[in-house]
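Residue numbers (the working numbering): 2 to 119.
Every residue gets a Cβ at the ideal spot worked out from N, C-alpha and C, and that includes glycine.
Since we're looking at a predicted model, the values are computed, not measured.
To start, the structure itself, in structure tokens.
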């Protein structure tokens, strides 16, 4: 499985996880100039921006350790741009992260979700 399909699969799985937790998905793969937001969700008046990082199971790179300072800055900037250009009612904004390990052969995935991680 190539990088883009793996990432899209991981984003879909994390989106489903958010929906099971009572969130409504508002957007996915939003491009804001050079920036991108993987998932935007809301529950009540809380808006969540989630960055999803995925790797194949057994990869030498742990997806949890790919959220570097620059990626965090980009997510914060993208969230601010999104809120400035969309009509979204909110009291709380949260920047979350999800790490996904995909076992391609067994067609399974493990998700670690981190609230307020970015």
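Between the segment 84-92 and the segment 57-76 there are fewer than three inter-stretch CB-CB distances shorter than 8 Å, so the stretches are not counted as touching. Sorting 34, 84, 86, 68 by C-alpha distance to the C-alpha of residue 56 places 68 at the top. Along the length of the segment 62-107, whole alpha helix (DSSP H) runs at least 4 residues long occupy 70-86, reported in chain order.
Here DSSP, grouped into helix, strand and coil, assigns residue 11 to helix. Rounded to whole angstroms, the Cβ separation of residue 26 and residue 19 is 7 Å, and the two are in contact under 8 Å. At a Cβ-Cβ threshold of 8 Å, residue 53 and residue 40 count as neighbours. When DSSP states are grouped into helix, strand and coil, residue 17 belongs to the helix group. Beta-bridge partners assigned by DSSP to residue 22: none are found. Note that the C-beta distance between residue 117 and residue 84 is not below 8 Å.
Apart from the 5 residues on each side of it in sequence, residue 63 sits with its Cβ closer than 8 Å to the Cβ of 56, 100 in its chain, given in chain order.
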